[in-house]
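Participant:
Numbering (the working numbering), first residue to last: 700 to 757.
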């Protein structure tokens, strides 16, 4: 069960990082978002989803 959760977290991280890299934001913000996703995988991915889809404005 733990391996499945770990694999799921890894997939979410990779998909989120690819989405960040392909976004129209400037390079500095992309780097900060990628670092947020790497250090806080689930929270960073959720925050990116909310911000990138304009659900929350920063």
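Glycine included, each C-beta is placed from N, C-alpha and C at the ideal position.
None of these values were measured; they are calculated from a predicted model.
On the DSSP letters alone, give me the boundaries of the alpha helix (DSSP H) that residue 700 sits inside.
Facilitator: Taken as a continuous stretch (DSSP letters only), residue 700 belongs to no alpha helix (DSSP H), as it is neither H nor E.
Participant: In terms of residues, what are the limits of the alpha helix (DSSP H) holding residue 726?
Facilitator: Counting along the chain, the unbroken alpha helix (DSSP H) around residue 726 starts and ends at 726 to 738.
Participant: So, are the CB atoms of residue 743 and residue 736 less than 7 Å apart?
Facilitator: yes
Participant: Let me check understanding here. Comparing Cα to Cα, which of 702, 713, 703 lies closest to residue 734?
Facilitator: 713
Participant: Excluding five sequence neighbours on each side, which residues of the same chain lie with their C-beta closer than 6 Å to the C-beta of residue 755?
Facilitator: 749
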